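J.: If you read the sequence shown in full-length UniProt numbering, its first letter stands for residue 1, the second for the next number, and so on.
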Amino acid sequence: MEISRSTRLVLVVFCQLTVWTRTTSVEGRRFVDRQTSYGTVRGFVDVIKGRQKVEKYLGVPYAKPPVENLRFEAPEPPDTWAGVRTAYELSPACPQPRLGVDYIQLHVPDFNHTSEDCLYLNIYVPRASRHSQRHADVQHHRPQYAVLVFIHGGSYQNGMGAMMDGSHLATREIIVITFNYRLGPLGFLETNDKSFPGNYGLLDQLEALRWIQKNIHNFGGDPDRVTIDGHSAGGCSVGLLMLMPMAKGLFSRVIQQSGSPFADWAVTRQPITPNFYFKIFTTAVGCYGNGTAEVKTCLKELPSDVIERVILEQPEHPVSLVPPFRPVVDGAVLPDTPEKLAATGEINGDEILTGTTTDEGLMAAVPLLNNYGVGRHGLQRLQAVISGFSVDLPAVRSLLDNVMEQYYQWPYEFEDEEIKKGFAEIVGDYFISAPTQQTADLLSSRNVTVYFYNFDYLSQQDRSDGVYHGVELFYLSGYPLTGHDNFRYNDVDKTMAIKLMQLWVNYVQHGLPSLEPLEEFHMSPYTISTPSFTRMTLVNDDATLLLETSFKQSKMAFWNNFVPNLYLHQLRRDIHLLNTSSFDSLVPACKRCLQSYVLTQPSSSWILITACIGLSILTILLSAFYCQVRRKVKTLIRQSSVSSGQAIL
């Protein structure tokens, strides 16, 4: 008897479903098996909000553990396994300072497990009925779900993938994946030679995306509809992935939250000799040698607990504005600077949704000012602190005057809180908002469809001073709907969470951020000639999305146009006025930065800005941090010498 074409198709889909999914129940809990290229993983079914179901697969390996001989190397695919691998619990976070663990606990209360064996995924899959799943596949001849891949932030030093909980988003018919990647020295230690090329953390991100392309169809996902989403350093990462030839074909859309590859802190640009950071780390773990190859051998032979302990016990500091370990322009993973790649290279991804929160600089600036007592002594103290760590260049002095005029009203006589607020805005605009708009300008000029947002919503339950860096992640995770141990939410917060998640889901599914079917609202594309953006805010006690134009127009023009155009010639002229005494006021790395950035790469506007305002604001933190690191390293070595007779730390 001949089988009809439609019957054959149903049989094929049924066979695929039986391979992809097998459900069992034990003591009332439902478990689900999925096949991967490396073996079978068993997740579980979780009930969200009392009725909606999501399959969770936590701690699925996407690479071999990067330990011993694989330390400071590109990741390798995981080994295969026999039988069924359970995926019920989160994997350890990658090694990071204790402050980073505190950062994780803000999102994932009580989590405190770190380990070098940390390269794992978390997969959240909508739990559809067998009938609806079969119907969708037969009708469309393709996997059912679009995929959102989240890359966490934390200055490349801190954090873990699970800081974004994908459960609520997955109830809205998309698959959500989060993952860990190597951080700090284990992820980004480099020496400008073959021994330590760096970018191991970026290579981890690429490996995770390759795993997803290879396996996501087994979870009902569509490999042709993958959106990568990153926050802060994760936002810088997704921006870099858009520009990297190695990432071609791994995703189709991008979401970039509060981070940009064009920010000066996003990437270490060549030529810079990074031996300062290298020596701090290798001295701390007790590895010495006649060359980097010999040191690398020592590092590979160290027990994991030694490295993890040194990283965990890094001295605390208010915030890491410029990470000591970060991606590097190495000529391979990153073939050139982000500016040049964006101008002339191929762009990965057809659309990007990018934006900021209103008060990006609060988390960084306020602790920094409190640490130096600026809030107690007024603006004069602020100027003294800045000038005390700055190179005495006419261009820098002139720039500082212009910054003050842009952000403060003459005659600068006001309360300490106003000083803090202004300084926080300077930090937020310089580090995040202006580079984000630069992303929008550059990519829209390359025919990428750009959507720009500003998250300006402050919960009435929130006692914070403003809409701080990263606050929107709690709404995207759906915490106002289910509650969170660290925060309180009201009904208006629930509405904002629902709207924000719907906006994200529609963008992931269709490439158009809208609120349908909740209401008729569509974000308008951003172009240089029509710089539209969507402001998410509170209006008359209601969570509201507003279409506006020209985000912070004067301040963005100041950083992205006025500063580069006015100070390029002045700074190149004044750099020759530097004398030995003024140079000695900078940390060694900043001396090299200033020389190489200004004299060899004058065409980059953000490199110029770094040389000016960076020497004014950044060295406040860096100088204090480096002194703390040196003191801590000496203490660790002295303690270990006393206890064991040799330096093991």
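Idealized CB from N, CA, C, for every residue including glycine. Fair warning: this is a prediction, and the values are worked out from it, not measured in the lab.
#1: If you reduce the DSSP assignment to three classes, tell me which class PRO367 lands in.
#2: Once DSSP output is grouped into helix, strand and coil, what is the label at ARG29?
#3: How big is the Cα-Cα spacing for TYR145 and PHE562?
#4: Look at GLN314 and PRO97 and say whether their C-beta atoms are less than 7 Å apart.
#5: Answer with buried or exposed for GLN205, where buried requires no fewer than 16 other C-beta atoms within 10 angstroms of its C-beta.
#6: When DSSP builds the beta bridges, which residues end up paired with HIS484?
#7: For TRP265, which residues in the same chain have their Cβ closer than 6 Å to its Cβ, ignoring the five residues on either side in sequence?
#8: Should SER445 go down as buried or exposed, given a rule of 16 or more other Cβ atoms within 10 Å for buried?
#9: Could you tell me how far apart the beta carbons of PRO92 and ASP117 are, in whole angstroms, since I believe they sit closer than 8 Å?
#10: On the three-state DSSP scale, how would you describe HIS107?
#11: Which residues in the same chain as TYR277 place their Cβ atom closer than 6 Å to its Cβ, once the five residues preceding and following it in sequence are excluded?
#12: Go ahead and pull the three-state DSSP assignment for HIS231.
#13: With distances taken between CB atoms, is the gap from VAL492 to ALA543 smaller than 7 Å?
#14: Which class does HIS522 belong to by DSSP, given the choice of helix, strand or coil?
#15: Considering only the alpha carbon of each residue, which of THR537, GLU76, LEU500, ALA365 lies closest to ALA208?
#16: Quick check on the burial criterion: 16 or more other C-beta atoms within 10 angstroms. Buried or exposed for GLY83?
#17: What does DSSP give as the partner residues of THR534 in its beta bridges?
#18: Quick check: the segment 209–225 against the segment 29–42, are there 3 or more CB pairs under 8 Å?
#19: What span of residues does the alpha helix (DSSP H) with TYR200 cover, start to end?
#20: Quick one, are the C-beta atoms of THR449 and PRO525 less than 7 Å apart?
#21: Where DSSP assigns a beta bridge to GLU351, which residues make up the other side?
#22: Leaving out five residues on either side along the sequence, give the residues of the same chain with a beta carbon under 6 Å from the beta carbon of VAL176.
#23: Taking the straight line between their C-alpha atoms, what separation do you get for ASP401 and TYR407?
#24: Kindly indicate which residue of LYS279, SER477, HIS510, PRO327 has the alpha-carbon position closest to the one of GLY235.
#25: Apply the 10 Å Cβ neighbour rule to LYS421 and answer buried if 16 or more other Cβ atoms are within range, or exposed otherwise.
#26: Please work out which residues of its chain come closer than 6 Å, Cβ to Cβ, to PHE150, disregarding the five sequence neighbours upstream and downstream, and give them in chain order.
#27: For ASP350, count neighbouring Cβ atoms within 10 angstroms of its own Cβ and tell me buried if that reaches 16, exposed if not.
#28: Would a C-beta distance cut-off of 7 Å place TYR120 and PRO66 closer than the cut-off?
#29: Do LEU512 and LEU476 have their C-beta atoms closer together than 7 Å?
#30: For the segment 333–343 and the segment 244–263, state whether three or more C-beta atom pairs, one from each stretch, are separated by less than 8 Å.
#31: Take the Cβ of LEU518 as the centre, count every other Cβ of all protein chains shown within 10 Å, and call the residue buried at 16 or more, exposed below.
#32: Please return the same chain residues whose Cβ sits closer than 6 Å to the Cβ of GLN472, not counting the five positions on each side in sequence.
#33: Measure the C-alpha to C-alpha separation of ASN565 and VAL285 and round it to an integer number of angstroms.
#34: In whole angstroms, give me the CA-to-CA distance for PHE558 and VAL403.
#35: Take VAL508 as the anchor and find which of LEU183, ILE307, LEU353 has the nearest alpha-carbon.
#36: Take THR527 as the anchor and find which of GLU548, ARG71, LEU334, CYS298 has the nearest alpha-carbon.
T.: On the basis of the supplied data:
#1: In the sequence shown, the residue the question calls residue 367 occupies position 367. Helix at PRO367.
#2: As a position in the sequence shown, residue 29 is number 29, starting the count at 1. It is a strand residue.
#3: Counting from one through the sequence shown, the residue named residue 145 turns up at place 145. Counting from one through the sequence shown, the residue named residue 562 turns up at place 562. Spanning the two alpha carbons is a distance of roughly 45 Å.
#4: On the sequence shown, residue 314 is found 314 positions in, with the first residue counted as 1. On the sequence shown, residue 97 is found 97 positions in, with the first residue counted as 1. Contact flag set, yes.
#5: To locate residue 205, count along the sequence shown from 1; it is residue 205. Buried: at least 16 other Cβ atoms inside 10 Å.
#6: Along the sequence shown, read from residue 1 onward, the residue named residue 484 stands at position 484. Partner(s): PHE487.
#7: Position 265 of the sequence shown, counting from 1, holds the residue named residue 265. Here TRP265 has VAL322 as same chain residues with Cβ atoms under 6 Å from its own Cβ, once five neighbours each way along the sequence are excluded.
#8: Along the sequence shown, one-based indexing puts residue 445 at 445. Only exposed fits SER445, as fewer than 16 other CB atoms lie within 10 angstroms of its CB.
#9: As a first step, residue 92 is located in the sequence shown; it is residue number 92 there, counting from the start. As a first step, residue 117 is located in the sequence shown; it is residue number 117 there, counting from the start. PRO92 to ASP117, Cβ: 7 Å. Contact.
#10: Taking the first residue of the sequence shown as position 1, residue 107 is located at position 107. If DSSP states are grouped into helix, strand and coil, HIS107 belongs with the helices.
#11: The sequence position of residue 277 within the sequence shown is 277, counting from 1. Excluding sequence neighbours, TYR277 sits near PRO324.
#12: Looking up residue 231 in the sequence shown gives position 231. Reduced to three states, the DSSP call for HIS231 is strand.
#13: In the sequence shown, counting from the first residue as 1, residue 492 sits at position 492. In the sequence shown, counting from the first residue as 1, residue 543 sits at position 543. Yes, these two residues count as a Cβ contact at 7 Å.
#14: Within the sequence shown, the letter at position 522 stands for residue 522. Residue state, collapsed to three classes: strand.
#15: Position 208 of the sequence shown, counted from the start, is the residue given in the question as residue 208. Closest by alpha carbon: GLU76.
#16: Translated into positions along the sequence shown, residue 83 becomes position 83. By the 10 Å Cβ count, GLY83 comes out exposed.
#17: For the purposes of this step, residue 534 is identified with residue 534 of the sequence shown, where counting begins at 1. Answer is TYR453, LEU547, bridged to THR534.
#18: Contact holds: three or more Cβ-Cβ distances are below 8 Å.
#19: Within the sequence shown, numbered from 1, the residue matching residue 200 stands at position 200. Counting along the chain, the alpha helix (DSSP H) containing TYR200 begins and ends at 200–215.
#20: Numbered from its first residue, the sequence shown carries residue 449 at position 449. Numbered from its first residue, the sequence shown carries residue 525 at position 525. Contact flag set, yes.
#21: Against the sequence shown, residue 351 aligns to sequence position 351. DSSP, once it has assigned bridges, lists ARG253, THR449 as partnering GLU351.
#22: In the sequence shown, residue 176 corresponds to position 176, counting from 1. Cβ within range, chain order: TYR124, LEU148, GLY166, LEU169, ALA170.
#23: Sequence index remark: in the sequence shown, residue 401 carries index 401 (1-based). Sequence index remark: in the sequence shown, residue 407 carries index 407 (1-based). So the two alpha carbons sit approximately 10 Å from each other.
#24: As a working note, residue 235 is residue 235 in the sequence shown. Considering only alpha carbons, the answer is PRO327.
#25: By one-based count along the sequence shown, residue 421 stands at place 421. Looking at its Cβ environment, which holds 16 or more other Cβ atoms inside 10 Å, LYS421 is buried.
#26: As a working note, residue 150 is residue 150 in the sequence shown. Same-chain partners within the cutoff: MET164, THR178, ASP229.
#27: On the sequence shown, position 350 is the one that residue 350 refers to. ASP350 comes out exposed.
#28: Looking up residue 120 in the sequence shown gives position 120. Looking up residue 66 in the sequence shown gives position 66. No Cβ-Cβ contact shorter than 7 Å links TYR120 with PRO66.
#29: Within the sequence shown, the letter at position 512 stands for residue 512. Within the sequence shown, the letter at position 476 stands for residue 476. In this structure, LEU476 does not lie closer than 7 Å to LEU512 by Cβ.
#30: Flag = yes, the segment 333–343 and the segment 244–263 touch.
#31: Numbered from its first residue, the sequence shown carries residue 518 at position 518. Taking every protein chain shown into account, the CB of LEU518 has fewer than 16 other CB atoms within 10 angstroms, so this residue is exposed.
#32: In the sequence shown, residue 472 corresponds to position 472, counting from 1. The residue you asked about is not Gln; residue 472 is Glu in the sequence shown. Excluding positions up to five away in sequence, the list reads PHE455.
#33: Translated into positions along the sequence shown, residue 565 becomes position 565. Translated into positions along the sequence shown, residue 285 becomes position 285. The alpha-carbon atoms of ASN565 and VAL285 are separated by roughly 45 Å.
#34: For the purposes of this step, residue 558 is taken as the residue at position 558 of the sequence shown. For the purposes of this step, residue 403 is taken as the residue at position 403 of the sequence shown. Their backbone Cα atoms lie some 9 Å apart in a straight line.
#35: Here residue 508 refers to the residue found at position 508 of the sequence shown. If we check each option's Cα against that of VAL508, LEU353 comes out closest.
#36: The residue given as residue 527 occupies position 527 in the sequence shown. It is GLU548.
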